[in-house]
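Novice: Below you'll find the structure I mean.
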Amino acid sequence: MEPLGVRQTKPEAPETQPEAEAARAPGAPVWRRTPLDAGLHVVATPIGNLRDVSLRALDTLASAAVIACEDTRMTGRLLAAYGIRTTLTPYHDHNAAAARPKLLARLAAGEAVALVSDAGTPLVSDPGYKLVRAVLEAGHRVIPVPGASALLAGLVSAGLPTDRVTFAGFLPAKAGARERALRDLAGHQATLVFYESGPRLAASLAAMAGVLGDREAAVARELTKLHEEVRRGTLADLAAHYAEAGPPKGEIVVVVGPPGETEAPDAESLDARLAELVPNLGVKGAARQIAAETGMPMRDLYARALALPR
């Protein structure tokens with residue numbers, strides 16, 4: 292395993308990019324207005340560095356009838372950098388019920404509506420899911436315009452297996468609910484990816500180490516920004532580091548490696564471990580815990596725990 296360490300890069304900071312250089316080729320915008328098919332265009336935007344926006348995304352944002360966005364100020368800064376003046380309308384958790392019918396009416400009138408989040412790919416831990424469902428149920432098209440994603444950027448920078456991945460989003464804030472969520476994930480034979488906030492990071496890493504075992508992991512933050520950092524180590528090492536260093540700033544992606552391959556315990560040891568855990572965790576919880584520790588199928592362990600003498 293790679294020793295605990297930090298990789299820092301210094302991509303050009305969005306706030307230091309001259310607007311003319313970021314947005315325009317000599318004498319003309321880099322985007323072009325183009326006829327768009329009617330429907331909801333789900334547009335990925337940069338997670339930090341403004342140069343990560345795609346030319347197709349700029350074309351779509353410049354050509355849409357309206358852009359639905361979480362925060363008009365955030366999206367307005369991106370549009371200003373590229374000289375785009377498309378009308379913005381807010382769409383977020385607090386106004387979604389009232390805003391959805393208005394967007395659906397525009398789609399019914401044959402318009403092209405763009406949907407963006409504050410950063411990255413919409414619908415990944417943001418409120419766009421219900422809108423997309425409503426658009427599809429109304430018989431309109433949903434057109435993806437792919438691009439930047441903190442999930443993928445964190446995954447490919449972690450140095451952990453990528454052949455099988457489970458994205459778990461944000462863990463619950465309360466300790467009990469967080470532990471239950473982690474137990475549900477413990478038996479996944481996959482790399483796990485989470486989003487997390489700075490103030491909760493150390494506690495979440497410690498909970499992961501306790502439930503998942505001390506797996507290899509990486510904490511990626513401020514991806515594509517000036518102070519981009521990827522710190523790698525075991526979950527216990529990372530939890531100890533952030534407990535001592537304090538909450539880091541910025542958006543955070545936590546990537547946790549899959550369970551390691553271990554030799555299956557013999558029947559006597561397995562029964563003893565189940566008997567130890569069942570009183571505190573229950574049959575299902577004990578089966579989950581040992582599945583995480585050994586990689587054995589949870590259904591087999593559950594059946595074995597049920598058969599233990601009471």
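When you read off a place in the sequence shown, starting at 1, and then add 291, the result is the number in my numbering. For each residue, glycine too, the CB sits at the ideal point set by N, CA and C.
(1) Is A359 helix, strand or coil when you go by DSSP?
(2) Give the straight-line distance between the Cα atoms of E402 and L514, rounded to the nearest whole angstrom.
(3) Whose C-alpha, out of G573, A348 and R491, is nearest the C-alpha of P539?
(4) Name the one or two DSSP bridge partners that V545 has.
(5) For the alpha helix (DSSP H) containing T351, name the first residue and the last one.
(6) Start and end of the alpha helix (DSSP H) containing H532?
(7) If we count the other Cβ atoms within 10 Å of its Cβ and call it buried at 16 or more, is Y373 buried or exposed?
(8) Between D505, A439 and F485, which has its C-alpha nearest L346's C-alpha?
(9) For I476, which residues from the same chain have a beta carbon less than 7 Å from its beta carbon, with the 5 sequence-adjacent residues on both sides left out?
(10) Under 6 Å Cβ to Cβ from A348, same chain only, skipping five residues before and after it: list those, please.
(11) How should T325 be labelled, buried or exposed, when 16 other C-beta atoms within 10 angstroms of its C-beta is the threshold for buried?
(12) Give me the residue from K421, A405 and T378 with the minimum Cα distance to R391.
(13) Do you know how far the Cα of L561 is from the Cα of G501?
(14) Can you look up L369 in the DSSP assignment and give me helix, strand or coil?
(15) Going by DSSP, what residue range makes up the alpha helix (DSSP H) through V333?
(16) So, with DSSP's three-state summary, where would you put T457?
(17) Between N386 and the rest of its own chain, which residues show a CB-CB distance below 7 Å, the 5 nearest in sequence each way excluded?
(18) Quick test of your reading: V266 and L331, contact by CB under 8 Å. State the CB separation rounded to the nearest angstrom.
(19) State the CB to CB distance for the pair A530 and A497, rounded to an integer number of angstroms; the pair is presumed to be in contact (CB under 8 Å).
(20) When the Cα of A488 is compared with those of G537, V574 and C360, which residue comes out closest?
(21) Using alpha carbons as the reference points, say which of G430, L442 and Y533 lies closest to A493.
(22) Quick one, are the C-beta atoms of V404 and V357 less than 7 Å apart?
(23) Excluding the 5 residues preceding and the 5 following M589 in the sequence, name in chain order all residues of the same chain whose CB lies nearer than 8 Å to its CB.
Specialist: From the atom records:
(1) Indexing the sequence shown from 1 puts residue 359 at position 68. Looking at A359 - three-state DSSP - the assignment turns out to be strand.
(2) Numbered from its first residue, the sequence shown carries residue 402 at position 111. Numbered from its first residue, the sequence shown carries residue 514 at position 223. Rounded to the nearest angstrom, the two C-alpha atoms are 34 Å apart.
(3) As a first step, residue 539 is located in the sequence shown; it is residue number 248 there, counting from the start. Comparing Cα positions, the closest option is R491.
(4) If you number the sequence shown from 1, residue 545 lands on position 254. F485 and V510, per the DSSP bridge assignment.
(5) Counted from its first residue, the sequence shown places residue 351 at position 60. Counting along the chain, the alpha helix (DSSP H) containing T351 begins and ends at L346 to S354.
(6) Within the sequence shown, residue 532 is the residue found at index 241, counting from 1. Taken as a continuous stretch (DSSP letters only), the alpha helix (DSSP H) holding H532 covers L526 to A536.
(7) Mapped onto the sequence shown, residue 373 falls at position 82. The residue in question, Y373, is buried, as its Cβ has 16 or more Cβ neighbours within 10 Å.
(8) By 1-based counting over the sequence shown, the position of residue 346 is 55. The shortest C-alpha separation from L346 is found at A439.
(9) Here the question's residue 476 lines up with position 185 in the sequence shown. The identity of residue 476 in the sequence shown is Leu, whereas the question assumes Ile. So the qualifying residues of the chain are T457, A459 and L483.
(10) Locating residue 348 in the sequence shown gives position 57, where the first residue counts as 1. Around A348: V334, V436 and G438.
(11) Working through the sequence shown from its first residue, we reach residue 325 at position 34. When all chains shown are included, T325 counts as exposed.
(12) One-based indexing of the sequence shown puts residue 391 at position 100. Minimum Cα distance to R391 is reached at K421.
(13) The sequence position of residue 501 within the sequence shown is 210, counting from 1. The sequence position of residue 561 within the sequence shown is 270, counting from 1. Each residue's Cα considered, the two are about 19 Å apart.
(14) Within the sequence shown, residue 369 is the residue found at index 78, counting from 1. Looking at L369 - three-state DSSP - the assignment turns out to be helix.
(15) Taking the sequence shown and counting its residues from 1, one reaches residue 333 at position 42. Not the alpha helix (DSSP H): V333 falls in the beta strand (DSSP E), residues G330 to V334.
(16) Taking the first residue of the sequence shown as 1, we reach residue 457 at position 166. T457: strand per DSSP, three-state reduction.
(17) Along the sequence shown, one-based indexing puts residue 386 at 95. Here the set comprises nothing.
(18) Lying outside 292 to 601, the shown extent of the chain, residue 266 is not represented and no answer is given.
(19) Taking the sequence shown and counting its residues from 1, one reaches residue 530 at position 239. Taking the sequence shown and counting its residues from 1, one reaches residue 497 at position 206. The Cβ separation is near 4 Å, so the contact holds.
(20) Stepping through the sequence shown from its first residue, residue 488 is reached at position 197. Ala is not the amino acid found at residue 488; the sequence shown has Ser there. For the residues G537, V574 and C360, the minimum Cα distance to S488 belongs to G537.
(21) As a position in the sequence shown, residue 493 is number 202, starting the count at 1. Minimum Cα distance to A493 is reached at Y533.
(22) Mapped onto the sequence shown, residue 404 falls at position 113. Mapped onto the sequence shown, residue 357 falls at position 66. Yes. Within cutoff.
(23) Position 298 of the sequence shown, counting from 1, holds the residue named residue 589. Counting only Cβ-Cβ distances below 8 Å, and skipping sequence neighbours, we find G478, A578, R579 and A582.
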